[in-house]
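Student:
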Amino acid sequence: MKQAGARVRARAVTAQAGKPTLDKRPLISQAQAHALVVLFKVLANDSRLRLLHALERRREVSVGDLADTLGMRPQAVSNQLQRLVDRRILNARRDGNRIFYSIADPCVTSLLDLALCLIEETGQAK
0 MKQAGARVRA RAVTAQAGKP TLDKRPLISQ AQAHALVVLF KVLANDSRLR LLHALERRRE
60 VSVGDLADTL GMRPQAVSNQ LQRLVDRRIL NARRDGNRIF YSIADPCVTS LLDLALCLIE
120 ETGQAK
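Using numbering that gives the first Met the number 0, the first residue of the sequence shown is number 0, and each one after it goes up by one.
(1) Any chance the stretch 37-53 sits against the stretch 72-83, with 3 or more Cβ pairs inside 8 Å?
(2) Answer with buried or exposed for residue 36, where buried requires no fewer than 16 other C-beta atoms within 10 angstroms of its C-beta.
(3) So, at 6 Å on beta carbons, what are the nonlocal neighbours of residue 49 in its own chain, with the 5 sequence-adjacent residues on each side left out?
(4) Residue 122 to residue 113, Cα distance in whole Å?
(5) Bridge partners of residue 61, per DSSP?
(6) Could you compute how far the alpha carbon of residue 58 sits from the alpha carbon of residue 66?
(7) Report the partner residues of residue 93 according to the DSSP bridge assignment.
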């Protein structure tokens, strides 16, 4: 049942983004596969995944607030956020001396949601 729900959520996000569902797309090209590998490598970091989840829960957050939430040093948070901004996964908005971050694309949070579903379904969640 959970798998069907995850599939429905994934299709809804894909449709919302104006993209065809996975089963309607042509087989991915070598270049697309490489781009996915690069994306997954950027996301394959526990701090970045926790930052993304915190941003999804609070929508727009400053470096200091994220550091407090995750128990990390502000400089470490800033470094991780910059990597996500560089990949256009996050938006950054300056307000005076503070920079606020938000998720740039709803597909990002859907990917995280589906990944959590997968580890829960396969018994890998702790």
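Glycine residues also receive a C-beta, built at the ideal position from the N, C-alpha and C atoms.
Tutor: This is what the structure holds:
(1) Output reads yes: the stretch 72-83 touches the stretch 37-53.
(2) By one-based count along the sequence shown, residue 36 stands at place 37. With fewer than 16 Cβ atoms within 10 Å of its Cβ, residue 36 is classed as exposed.
(3) Here residue 49 corresponds to residue number 50 of the sequence shown, with the count starting at 1. Same-chain partners within the cutoff: 69.
(4) In the sequence shown, the residue the question calls residue 122 occupies position 123. In the sequence shown, the residue the question calls residue 113 occupies position 114. When rounded, the distance between both Cα atoms is 14 Å.
(5) Taking the sequence shown and counting its residues from 1, the one referred to as residue 61 is at position 62. Paired residues: 99.
(6) The count along the sequence shown starts at 1 and reaches residue 58 at position 59. The count along the sequence shown starts at 1 and reaches residue 66 at position 67. Cα-Cα distance, rounded: 15 Å.
(7) Counting from one through the sequence shown, the residue named residue 93 turns up at place 94. Answer is 98, bridged to residue 93.
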